[in-house]
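Below: the structure, in structure tokens.
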Amino acid sequence: MDNIQAVSQLVERIREYHLPLELLFVDYKKAFDYVEINAVLNALVQAGVDPAYVHLLEQCLSNTSTFIQLFEQKMKIPVGKGVRQGDTISPKFFTAALQYAMLNLDWEERGYPVNCKKVSNLRFADDI
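To get the numbering used here, take the position in the sequence shown, counting from 1, and add 40.
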């Protein structure tokens, strides 16, 4: 069952039983531009990625810069956050950071049963 269908069933059941419901929909526009590198690194550590690989990725993701050229003058601009657009691993970094955030929230007492499972949060409707 996809998440859109799950939300539809949930809303239907909530209305049927007149229960309170709180929904939050987040559209991650320019998500890769705003991913905090430390969140990615912490997520990888928590997921059990070998520290040597995490350190290597930290070197690749930290202290990055981009260049622009105006006429004859080149300018170096530091990139403070975000992961590279178009890089095949960037969606994985975003997903890891989001998973890290979701796992660190307290969902124990929240949620409603849908198809024999307690639903407290759904992470993606589409795109990923």
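Yeah, the Cβ is synthetic: ideal placement off N, Cα and C, and Gly gets one too.
Classify Q139 as helix, strand or coil using the three-state DSSP reduction. helix
With 16 as the cutoff for other CB atoms within 10 Å, does V75 come out buried or exposed? buried
Taking 8 Å as the limit between beta carbons, can you name the residues of its chain near I117, skipping five residues before and five after? S105, T106, F107 and I108
List the endpoints of the continuous alpha helix (DSSP H) containing V154. First-last for V154: Y152 to V154, but that is the beta strand (DSSP E), not the alpha helix (DSSP H).
When burial is assigned at 16 or more other CB atoms within 10 Å of the CB, is I129 buried or exposed? exposed
Counting only runs that start and end within the segment 89 to 142, where is the beta strand (DSSP E) found for 3 or more residues in a row? 104 to 110 and 113 to 119
Between the C-alpha atoms of L97 and V80, what's the straight-line distance to the nearest angstrom? 10 Å
Which of helix, strand or coil does DSSP assign to V47? helix
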